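Down below is the structure, laid out as structure tokens.
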Amino acid sequence: MKPAQNYTILIVDDIADNLLLMQLFLEPEGYQVEVASSGNTAIAKIEASLPDLVLLDVMMPDMNGLEVTQRLRENSSFLSLPIVLITANQEIDFEQAREVGANDLICKPVDMDELLSRISIWCY
936 MKPAQNYTIL
946 IVDDIADNLL
956 LMQLFLEPEG
966 YQVEVASSGN
976 TAIAKIEASL
986 PDLVLLDVMM
996 PDMNGLEVTQ
1006 RLRENSSFLS
1016 LPIVLITANQ
1026 EIDFEQAREV
1036 GANDLICKPV
1046 DMDELLSRIS
1056 IWCY
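For what it's worth, our numbering labels the leading residue of the sequence shown as 936, then goes sequentially.
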């Protein structure tokens, strides 16, 4: 397993405070963190430089996290990219996340210990 500082995580959320909170939590843990505030920006960043993991909010305007995941999975270059959906919508379940190609689902409010545990599953 390579050290955390060798992993890049792209966090995608339309709420700036959520991006900042997760960034401030993950960087001291040794992760390189990139952020995107929309689905389109996330796709562009992923195409420019492939992260090791994407933490993707489901509920965003324009293109939601489910749509972003579907778009990424349509490109064979991103089939192995781990995508963890994050949502406050209790109607979204793990099965729906898997159907669009996500690897995991975390419910908000995010428990930071759980987040680290899930990240360790996908960053190995």
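Heads up, the beta-carbon is just placed ideally off N, CA and C, and yes, glycines get one too.
Keep in mind that this is a model prediction, so the values were computed, not measured.
Between the CA atoms of Val1003 and Gln1031 - distance to the nearest angstrom: Straight across, the Cα-Cα distance linking Gln1031 with Val1003 is about 14 Å.
Start and end residues, alpha helix (DSSP H) containing Ile944: Where Ile944 is concerned, there is no enclosing alpha helix (DSSP H), although the beta strand (DSSP E) it sits in stretches over Thr943 to Val947.
Beta-carbon separation (whole angstroms), Glu969 vs Leu954, contact threshold 8 Å: Their Cβ separation, rounded to whole angstroms, is 10 Å, which puts Glu969 and Leu954 out of contact at 8 Å.
CB contact flag (Thr943, Asp997, <8 Å): no
Segment limits, beta strand (DSSP E) that includes Gln1025: That residue, Gln1025, is in no beta strand (DSSP E); it is neither H nor E in DSSP.
Pair within 8 Å by beta-carbon distance, Ala983 and Ala977: Between Ala983 and Ala977, the C-beta spacing is not below 8 Å.
Cross-strand partners of Asn971 (DSSP beta bridge): Note that residue 971 corresponds to Ala in the displayed sequence, not to Asn. Looking at the DSSP assignment, Ala971 forms a beta bridge with Val947.
CA nearest to the CA of Pro1017, picked from Ser1011, Cys1058 and Gln967: Cys1058
Other residues of its chain near Asn1024: CB distance less than 8 Å, five sequence neighbours each side excluded: These residues qualify, in order along the chain: Val993 and Met994.
C-beta contact flag for Val947 and Leu990 at 8 Å: yes
Per DSSP, cross-strand counterpart(s) of Leu961: None, per the DSSP bridge assignment.
Where Leu1050 sits in the DSSP three-state scheme: DSSP, reduced to helix, strand and coil, places Leu1050 within a helical segment of the structure shown.
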